Structure formats: structure tokens, C-alpha cells
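I have placed the structure first, in the form of C-alpha cells, so that the comments after it can refer back to it.
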Amino acid sequence: MWTGHNLMTIARTSFVSAPADRCIRQTDVVVGLLLCGCVNGYMFPVLEWLRGTSSEGLGALPVNLLDLIVIVIAVQLLRAPSEELAARHSAARLGWKDVTAAALFCLPSGAAAWLATGGYALSCAQRSSQQVRLGCVLFAGLAAVQLWNTVFIKWFAIHLGLADAVMTKTALSLVRDGVERAGNVVSSPNGHAVVLFAGCLTASIIPRLLLVQAAVYFAIGLRDPVRLAIGLAWIAALAMVANILRLTLMAASADWHELLHGAVGVSLFELGMVAMVLLLNPDHREEP
Amino acid sequence: MTHYTFCLALAACLVMSVSGKALRYGAPPIDTEARAVAVIESQLKHDGWLRDLRDERDVRHVYAFAKPQCLRPLLVAMIGTGAETLPMLNARHRGQLQYFQDGRAVAQPSIWRSHVTFAVRSLGQLASGRWPSAVPLFAVSVSHGEAPPSTAGPGGGSAGPCSFPSRASWEQFLDRRPFD
């Protein structure tokens with residue numbers, strides 16, 4: 284009788300018994316499924332981009348530059364395991380976790396795709412070690428950042444917006460009199476009233492930068508957790524200062540607002556963030 | 719498993735998953751706010767309030783309605799799920815707004831309730847493939863130059879021509895599910 288179990292057994296044995304040079308490694312299966320999850324997660328911004336309704340400059344790209352860096356590094360970490368790991372991961376077979384992740388990707392929801400990607404990456408990280416684990420953790424972090432920036436930050440946007448508005452008002456008050464704050468709006472005489480929405484909050488920038496900082500740190504071969512923690516603290520502090528400075532300039536005048544909120548300003552801010560991460564991580568490896 | 723088998727399986731998964739999302743997100747966006755404002759506009763028209771675009775300059779999500787005999791326009795503020803405009807509205811129109819959430823007049827809307835409602839609607843869409851209609855979260859100004867809020871009040875429903883349309887009449891209007 285052709286039961287599901289029988290079919291699965293036949294499929295598994297036939298796949299495993301294929302010639303070694305045609306066999307796929309387990310890490311390749313993981314990379315394929317994680318990339319499939321990312322493609323699904325980015326479907327909404329991609330369609331918005333195709334429709335031409337997204338913002339301008341580098342900010343208009345459906346995939347953030349920092350996200351791309353994380354994905355490239357994570358794939359490199361997953362695809363280049365040590366010899367020992369490569370041997371251990373040579374016999375690829377689809378388990379229930381792989382099939383469940385693929386099924387969840389088929390749900391018509393970007394958030395569900397990120398949730399599935401994160402869960403799958405964490406489950407893979409649990410059963411792996413060394414570089415493969417780091418690659419999986421980066422994918423899980425990317426999924427978490429996406430879920431935070433697209434879904435959960437909105438739940439706290441009012442309070443986070445108030446915090447940014449208070450800091451922006453304080454910074455602008457250093458150079459100008461009569462600065463006012465009404466809720467999450469900062470305005471001043473001869474200035475521009477800036478309303479702080481979820482997309483421009485410091486809390487939406489920091490998690491992405493922390494992730495890319497960790498990715499670059501792993502990519503250049505560093506593994507010391509204390510140095511990583513110091514690097515993360517630095518990047519968080521610098522991102523906060525940079526964003527408050529940006530918001531302060533935008534509130535200072537309509538011209539600054541137009542420049543920084545437009546294509547040039549958004550692109551410069553994105554590139555500035557990338558440069559900040561790269562400058563904080565000089566290319567040197569730890570002594571063996 | 720061979721490369722060939724895996725690539726085939728992955729391609730099938732990609733085609734199925736991406737086409738599902740393309741069907742959902744690729745559909746022309748429905749401007750729910752514009753539709754809701756049109757419904758509210760038709761209701762206010764019965765009381766003589768007509769849309770006044772001059773008072774809407776530089777202010778997004780806030781719509782103005784005027785009456786010749788009233789000093790100030792009646793403002794309708796459409797508040798999104800995130801309610802990020804709420805602190806600004808509270809600060810600029812302190813005590814001058816009546817909020818409506820899920821079809822009921824409330825003193826101050828609950829943001830968490832708004833998010834939970836949105837999440838439930840999203841799950842409903844996932845299950846049914848159709849976006850369930852809902853009453854938007856919005857606010858209406860209560861003072862328009864003739865009846866101060868202390869006497870007319872949000873629920874007062876005074877008969878003056880510039881008074882706030884009574885809370886009960888708004889709730890009755892919303893009970894008819896005009897946004898469906």
C-alpha cells in the first residue's frame with residue numbers, strides 16, 4: 284500500500300543514494316530555503332517599488348542596502364563551512380522543519396514569511412555549529428528586524444516618537460529660541476514642523492545597524508563577544524546621535540527638510556550608515 | 719537529494735509563494751481613508767457642513783467642513799492604526815475633539831485595541847482572501863465658534879447650527895455600518 288511514510292522513505296533513499304557529485308549539501312538546502320523566505324518577505328516592498336509608490340533615492344530600493352550586506356555575509360558564512368562540517372552536512376534530506384517552512388512561505392503574508400524565515404533560521408542554528416550557526420543567526424536577526432520595522436514598531440511608535448521628539452527639541456533649543464514640541468511634532472520660528480513617524484525613528488534604525496555591525500564583525504573573522512558588545516554599543520550611540528542630528532536639521536529649516544527628506548538626503552544617510560559600520564570594523568583578524 | 723530535485727522543489731515553492739503574495743499585494747490599493755471621508759462627508763452634508771479644502775492646506779489626514787454662520791470649521795481627523803498623529807492632535811486640540819473607535823464615542827482611543835483590531839482583520843484577510851471592512855478610528859472637533867464645548871459638550875447635542883452633531887446621532891450613523 285502506498286502510504287505517505289512509504290513514499291517519503293523511497294524519496295529519501297533515492298535522493299541520498301544519488302552520486303556524490305550530484306548530491307546537494309544540507310547547508311545548500313538551508314541557504315535555498317532562507318533566501319526563498321527573504322524573497323517572500325520582500326514581496327510587498329518590491330511590488331510597491333514596481334508600482335512607484337515608495338520614497339526616493341536609495342531609500343526607494345525595495346531591499347535596504349544594509350539588509351543586502353547582512354544577506355551576502357550570512358550566505359557566505361553558510362556556504363563556507365569547515366571541512367569537518369562540510370562532511371557532516373553532505374547528506375541532504377528534507378525534514379519536517381524544511382517542509383513546514385516552505386509551506387509557511389506560501390501564506391500570502393510578508394510578515395508570516397519573515398516569521399517562518401526567523402523560526403526556520405533559529406531551528407537550523409540550533410542543530411548547527413560554528414559558521415553555519417552564525418549565518419543562521421544573521422538570517423534570524425534579519426527576520427526579527429524586518430518584523431520589528433514593519434509590524435511591531437508601530438505598536439510603540441507613539442512613545443518612541445515622543446522620546447525622539449524630546450531629544451530633537453533639546454538639540455534644536457541649543458541653537459535656537461522658541462522651539463516647541465506638541466506630542467511628536469517639533470517646530471520652531473522660521474523652522475519646519477517635523478512629525479515623527481515610525482519610519483524615521485531612531486528605534487527603527489538602530490536594530491538594523493546592530494545586525495549589520497554583527498554581520499561585518501563575523502565576516503572579518505572576529506569572534507570575541509566583549510569586542511562585539513563594545514562595537515554594538517558604539518554603533519547604537521552613533522546611530523542615535525546621527526538620527527537626532529538629522530531630525531534637528533530637518534526641524535531647523537524647510538530647505539534642510541527638503542534636502543534631507545528627499546532622494547539625496549535619504550541616499551546620503553543610508554551610505555553614511557554603511558560607512559559608519561565599515562569604519563568601526565577595520566579589516567583585521569584575531570591572532571590564532 | 720540531488721541539486722536538480724532540490725532546485726525543482728525550490729522553484730515550485732517560490733512560484734507558489736510569490737504568486738500568492740503578488741495576488742494580494744499587487745492588487746490596486748484601495749484608498750480606505752478617502753472612502754471613509756466620503757461617507758462622513760455625506761453624513762455631515764445633511765447638517766449643512768460642506769467640505770472646505772482651504773482649511774486642509776499643509777495638514778494631512780485632517781479634513782475641514784464649513785458652515786457660513788460658524789466661525790471655525792468642523793474638523794475630522796482620520797487616525798491610522800498606528801495612531802502616530804494622536805499626540806499631536808491631543809496637544810493641538812486639547813479637549814476639543816471627540817474620538818470614535820470601533821463605532822463608539824470614547825474619551826481617548828486605545829492604541830492597543832486599534833492594533834489588535836488591525837491584527838484580527840489581517841488574519842481574517844489571510845483566511846478569507848478579502849479585507850474585512852471596519853469602522854475607522856477618527857476624531858471630530860466639537861467647537862466651531864458658536865457653542866463652546868463646556869456648554870454644548872461632545873455628548874450635549876445642542877440644537878445650535880454650529881454645535882457638534884450629537885454623540886448619539888454619530889453612534890446611530892456608525893451602527894448602520896456605512897463603511898461596508
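Protein sequences appear in the order of chains B and E.
Per this note's numbering, residue 284 is the first one in the first sequence, and the count goes up by one each step.
Per this note's numbering, residue 719 is the first one in the second sequence, and the count goes up by one each step.
Glycine included, C-beta positions come from ideal geometry on N, C-alpha and C.
Quick caveat, the model's predicted, so the values are computed rather than measured.
For B/Cys419, the nearest beta carbon of chain E is not closer than 8 Å to its own beta carbon.
Between B/Ala396 and B/Gly324 the beta-carbon gap is near 4 Å, inside 8 Å, which marks them as a contact. Under the Cβ distance rule, B/Gly444 counts among the residues neighbouring chain E, one pair being separated by less than 8 Å.
Within the same chain, Ala823, Ala857, Val858, Val860, Pro872, Phe882, Arg885 come within 7 Å of E/Gln816 by CB-CB distance, once the 5 residues on both sides are set aside. Three or more beta-carbon pairs separated by less than 8 Å are not found between the stretch 441-451 of chain B and the stretch 502-518 of chain B, which leaves the two stretches without contact. In this chain, the alpha helix (DSSP H) harbouring B/Val557 covers 546-563.
The Cβ atoms of B/Leu494 and B/Gly418 lie no closer than 8 Å to each other.
Taking B/Leu492 as the centre and dropping the five residues before and after it, the same chain places the C-beta of Leu349, Ile518, Ala519, Ala522, Met556, Met559, Val560 closer than 8 Å to its C-beta, in chain order. Of B/Leu457, B/His475, B/Leu484, B/Ala454, the smallest CA-CA separation from B/Phe435 is found for B/Leu484. Excluding residues up to 5 positions away in sequence, Gly393 lie with their Cβ nearer than 7 Å to the Cβ of B/Phe327 in the same chain. One thing to note: B/Gly466 has its Cβ within 8 Å of the Cβ of E/Met806.
In terms of CA proximity to B/Trp332, B/Asn347 leads the group B/Leu455, B/Gln413, B/Asn347.
For E/Gln816, the pairing in a beta bridge is given by DSSP as E/Val858.
Look at E/Pro854: its C-beta is not under 8 Å from any C-beta on chain B.
Taken in chain order, the members of the stretch 437-462 of chain B whose beta-carbon sits within less than 7 Å of a beta-carbon on chain E are Lys437, Trp438, Ala440, Ile441, Gly444, Leu445. The secondary-structure analysis by DSSP pairs B/Arg464 across a beta bridge with B/Val469. In this chain, the alpha helix (DSSP H) harbouring B/Phe327 covers 326-334.
Going by DSSP, E/Phe724 is part of the alpha helix (DSSP H) stretching over 721-743.
Between B/Ala399 and B/Phe388, the CB-CB gap stays under 8 Å.
Remark: C-beta atoms of E/Leu728 and B/Val322 do not approach each other more closely than 8 Å.
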